[in-house]
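Written out below as structure tokens is the structure these notes cover.
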Amino acid sequence: APPEWDWRKKGAVTKVKDQGMCGSCWAFSVTGNVEGQWFLKEGTLLSLSEQELLDCDKMDKACLGGLPSSAYMAIKSLGGLETEDDYKYLGHMEACNFSEEKVKVYINDSVDLSQNEQKLAAWLAKKGPISVAINAFGMQFYRHGIARPLRPLCSPWFIDHAVLIVGYGNRSDIPFWAIKNSWGTDWGEEGYYYLHRGSGACGVNTMATSAVVN
Amino acid sequence: APRPVKPRAADSEAWELAPLELLEPARFALEMYNRGRAAGKRAMLGAVRGRVRRAGEGSLYSLEATLEETPCNDPTVCQLPVSKKTLLCSFEILDELGKHILLRRDCGPVDTKVTDNRNWTLNSFLPLLNKDSFPQDFSVKMTSVFKEFVTTYNRTYDSKEETQWRLTVFARNMVRAQKIQALDRGTAQYGVTKFSDLTEEEFHTIYLNPLLREKHSKMHPATSVNDP
């Protein structure tokens with residue numbers, strides 16, 4: 001992997017969104033990944049609809065939570081994703097209002113990524129932002145800097161938040177993952193969370209996935 | 215900014231199980247930890263806190279505990295002072311009809327660098343926080359910080375009671391943030407955020423995603439990248 005990478009600087013990442021009072025992080029993580037994949041294949045950055053997933057992905061549970069793996073399946077079976085503008089985020093489940101004609105983005109497949117963080121970095125640099133799930137310990141009070149909670153407090157077994165890795169690097173020799181969160185720009189570093197890289201911190205390497213656009 | 219939900223009964227807050235309720239699962243966790251250890255090498259229970267999720271006939275306890283291990287088990291040959299090794303453990307214990315099953319145990323030594331440099335943090339992390347034990351000046355400072363928080367994040371509460379409750383939650387959270395800060399080995403700073411007036415349970419319920427703990431369906435493994 002290159003020593004550092006940041007997809008934000010390459011225009012592959014949309015602005016930070018806000019899931020509101022709704023456990024829909026899984027939808028934001030997945031749309032963020034698809035936005036990146038589409039950008040890399042087609043050269044266009046589109047902000048995609050999480051609300052479509054909340055309303056129409058019947059395998060997941062909208063604001064009560066969901067799994068990226070089933071969200072990819074839902075996107076495939078629905079036929080794609082509409083844009084944020086066409087299917088606006090409401091932060092609660094409504095009847096499915098999906099329209100095939102408004103689909104702007106499709107995916108062909110989805111893949112599980114390695115648990116090796118070096119391989120994840122290499123994959124990210126070449127293929128785009130990665131959907132991951134982490135233990136959100138401490139994030140309620142996180143303001144800035146690179147988080148590295150004690151492992152027993154941030155166990156990889158207690159994964160409860162899905163986010164999007166958009167880059168990595170080192171700050172004063174401390175390796176980090178740059179993570180796009182979905183709690184608005186008034187949280188963390190302009191909406192971003194920086195987590196220690198290389199130690200499996202908070203289970204960041206346990207559920208890394210991506211959509212595939214051919 | 216999202217508006218916090220109504221106040222909950224104090225006893226429903228996460229990590230606030232009554233000590234008596236914790237006793238049995240904590241003893242069981244300690245017993246499991248000490249299983250197979252010689253009498254002189256057994257750990258002792260330090261502080262413990264926990265939460266429980268009940269479903270049907272079962273209760274799932276999540277405990278955080280400190281265990282003290284004395285490296286020297288023969289006081290006649292030990293050099294004084296004998297330093298204790300403190301472990302920070304998290305346990306998950308299922309109680310089904312009174313039968314305990316240890317589902318998970320995750321223990322690690324408390325970072326000595328952290329504890330040496332910031333003794334107060336370890337001490338403050340360990341005991342259960344007693345909301346009545348805040349000193350006077352702490353309350354005054356907290357009220358001022360809370361007022362700033364309310365202004366910054368444009369919070370409105372329905373009643374004086376709710377405001378008072380949120381202040382209590384906020385003050386507890388500030389202490390929690392300090393503990394998290396003390397136990398972080400990176401460069402992260404923790405403190406007031408827009409979620410500072412939510413209890414841990416509210417925050418988990420509203421913003422997090424428990425389904426991620428479920429087993430997800432396996433997809434094709436990605437081909438590795440050879441030449442970036």
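Those sequence lines, one after another, are chains U and A.
If you're matching positions, the first sequence starts at 1 in the working numbering and goes up one per residue.
If you're matching positions, the second sequence starts at 215 in the working numbering and goes up one per residue.
Backbone N, C-alpha and C define an ideal beta-carbon position, used for all residues, glycine too.
Where the beta strand (DSSP E) containing residue i begins and where it ends
| i | result |
| --- | --- |
| V389/A | It is not in any beta strand (DSSP E) - V389/A instead sits in the alpha helix (DSSP H) that spans K374 to A396. |
| K313/A | K313 to P323 |
| K76/U | That residue, K76/U, is in no beta strand (DSSP E); its alpha helix (DSSP H) goes P68 to L78. |
| C303/A | K299 to E310 |
| L164/U | H161 to R171 |
| Y87/U | Per DSSP, Y87/U belongs to no beta strand (DSSP E) and is neither H nor E. |
| H196/U | Y192 to H196 |
| R143/U | Y142 to H144 |
| S199/U | Here S199/U belongs to no beta strand (DSSP E), and DSSP marks it neither H nor E. |
| V212/U | T209 to V212 |
| A279/A | G272 to E283 |
Other residues of its chain near residue i: CB distance less than 6 Å, five sequence neighbours each side excluded
| i | result |
| --- | --- |
| G203/U | I134, N135, P156 and I159 |
| A62/U | L54 and M93 |
| M246/A | L316 |
| R148/U | H196 and A201 |
| T377/A | Y371 |
| Y89/U | E50 and Q51 |
Opening and closing residue of the alpha helix (DSSP H) in which residue i lies
| i | result |
| --- | --- |
| N33/U | C25 to E42 |
| W177/U | Counting along the chain, W177/U falls outside any alpha helix (DSSP H), though it belongs to the beta strand (DSSP E) covering I174 to K180. |
| T419/A | E414 to Y421 |
| A1/U | Where A1/U is concerned, there is no enclosing alpha helix (DSSP H), given that its DSSP letter is neither H nor E. |
| E52/U | Q51 to C56 |
CA-to-CA distance, residue j to residue i, given in whole angstroms
| i | j | result |
| --- | --- | --- |
| I107/U | Q392/A | 44 Å |
| L164/U | G91/U | 19 Å |
| R280/A | L259/A | Looking at the sequence shown, residue 280/A is not Arg but Thr. C-alpha separation (whole angstroms): 6 Å. |
| L302/A | P435/A | 35 Å |
| G11/U | H418/A | 32 Å |
| L45/U | T14/U | 7 Å |
| K255/A | E283/A | 7 Å |
| G23/U | I130/U | 19 Å |
| E310/A | L274/A | 9 Å |
| P68/U | E52/U | 14 Å |
| A257/A | K299/A | 9 Å |
| A385/A | D372/A | 19 Å |
| A121/U | Y168/U | 7 Å |
| R268/A | V383/A | 24 Å |
| E414/A | L78/U | 36 Å |
| A208/U | S29/U | 11 Å |
| T396/A | K429/A | A small correction: the amino acid at residue 396/A is Ala; Thr does not occupy that position in the sequence shown. Roughly 33 Å separates the two Cα atoms. |
| V212/U | D173/U | 33 Å |
| F98/U | K127/U | 29 Å |
| N116/U | V439/A | 12 Å |
| F176/U | F137/U | 17 Å |
| L150/U | Y421/A | 22 Å |
| S182/U | S110/U | 22 Å |
| R263/A | T206/U | 27 Å |
| E235/A | S353/A | 29 Å |
| N387/A | K76/U | 42 Å |
Contacts that residue i makes with chain U (C-beta to C-beta distance below 8 Å)
| i | result |
| --- | --- |
| D398/A | G138, A147, R148, P149 and L150 |
| G264/A | Near G264/A there are no residues of chain U at all, since even the closest Cβ is about 14 Å away, more than 8 Å. |
Proximal chain A residues relative to residue i, where beta-carbon distance stays under 7 Å
| i | result |
| --- | --- |
| S110/U | M433 |
| F98/U | Near F98/U there are no residues of chain A at all, since even the closest Cβ is about 22 Å away, more than 7 Å. |
| A133/U | L426 |
| T209/U | M433 |
| D186/U | K408 |
| H196/U | G400 |
Contacts of residue i in chain A (Cβ-Cβ under 8 Å)
| i | result |
| --- | --- |
| H144/U | A402 and Q403 |
| K119/U | S438 and V439 |
Neighbourhood of residue i by C-beta distance below 8 Å, restricted to the same chain and skipping five residues each side
| i | result |
| --- | --- |
| G184/U | V16, K17, D18 and G191 |
| I394/A | Y404 |
| K102/U | E82, T83, D86 and Y87 |
| F242/A | I307, H314 and L316 |
Within chain U, the residues that residue i reaches when beta carbons sit closer than 7 Å
| i | result |
| --- | --- |
| P424/A | G65 and D160 |
Proximal chain U residues relative to residue i, where beta-carbon distance stays under 9 Å
| i | result |
| --- | --- |
| N387/A | Q140 and F141 |
| G260/A | The premise fails here: G260/A is roughly 13 Å from chain U at the closest Cβ pair, so nothing lies under 9 Å. |
| A240/A | Going along chain U, no residue has its Cβ under 9 Å from A240/A, so there is no contact; the nearest lies around 15 Å. |
| S273/A | Ordered by position in chain U, no residue passes the 9 Å Cβ test against S273/A, which lies about 17 Å from the chain. |
Contacts that residue i makes with chain D (C-beta to C-beta distance below 7 Å)
| i | result |
| --- | --- |
| L113/U | The chain labelled as chain D is not found among the protein chains of the depicted structure, namely U and A. |
Neighbourhood of residue i by C-beta distance below 7 Å, restricted to the same chain and skipping five residues each side
| i | result |
| --- | --- |
| Q118/U | A1 |
| M21/U | G91 |
| W26/U | D60, G65, G66, L67, P68, A71 and A162 |
| R318/A | F305 and E306 |
| A112/U | The sequence given here has Asp at residue 112/U, not Ala. Cβ within range, chain order: T209. |
| G448/A | One cannot answer for residue 448/A here, as it falls past the ends of chain A, which runs 215 to 442. |
Cross-chain neighbours of residue i in chain A, by beta carbon under 9 Å
| i | result |
| --- | --- |
| L54/U | Going along chain A, no residue has its Cβ under 9 Å from L54/U, so there is no contact; the nearest lies around 12 Å. |
Practice problem: List in chain order: all unbroken alpha helix (DSSP H) runs of 4+ residues lying wholly within the segment 102–134 of chain U. | Solution: 117–127
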